[in-house]
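Here the structure comes first, spelled out in structure tokens, and everything after it is commentary.
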Amino acid sequence: MPASLAERIAFAANEKAMLGLLDRVWKELDAVEADSLSMNAAKNDVASAVRIAALENELVDEGSVSAVRNGGFTFRVNGMLCNYNYTSRNEQHTPSVDERSLRISQAPSVRRMAPPIWTFF
0 MPASLAERIA FAANEKAMLG LLDRVWKELD AVEADSLSMN AAKNDVASAV
50 RIAALENELV DEGSVSAVRN GGFTFRVNGM LCNYNYTSRN EQHTPSVDER
100 SLRISQAPSV RRMAPPIWTF F
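Note that the sequence shown ends on residue 120 in numbering that gives the first Met the number 0; no numbers are left out.
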């Protein structure tokens, strides 16, 4: 078997193992989050509960869990950086463009600052 094929197989096996570690960690953190949400906990309380679960998880790198800021924190699993953010996971995104501004931007009197490259002035 060529060395490059063996290397690719080893890389794929290692990647699968690393993803398995991440899956195990996130499964536990998801369960803690779901439990906190079911008790109607506040945003920072949910993030703190998930952070405590990360601190107690043996697969999370020791000393890698940051403090909770803006409802989120970072941590590492076998050197891989992970991020928990309450807002992105649990709050519905509010679009910054509404129907009125969309109509205005499509009006013929509005000059676009970045026209397609095939349009010439």
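Just so you know, even glycine gets a beta-carbon here, dropped at the ideal spot from N, CA and C.
As the structure is a computational prediction, the values presented were derived from the model and not from experiment.
Rounded Cβ spacing between A53 and V59 (contact assumed at less than 8 Å)
That pair is a contact at about 5 Å.
Can you tell me the Cβ-Cβ gap for Y83 and L20, rounded? I've got them flagged as a contact below 8 Å.
About 16 Å separates the two Cβ atoms, so there is no contact after all.
Same chain, Cβ closer than 8 Å to N77, neighbours up to 5 away in sequence not counted:
Cβ within range, chain order: M17, L20, L58, D60.
Cβ shell of R23 (< 7 Å), same chain only, five flanking positions each side left out:
Beyond the five residues adjoining it in sequence on each side, R23 comes within less than 7 Å, by CB distance, of L58 in the same chain, given in chain order.
Please report the distance separating the alpha-carbon of G70 from that of E14.
The alpha-carbon atoms of G70 and E14 are separated by roughly 30 Å.
CA nearest to the CA of A66, picked from E55, R7, I51:
Relative to the Cα of A66, the nearest Cα in the group E55, R7, I51 belongs to I51.
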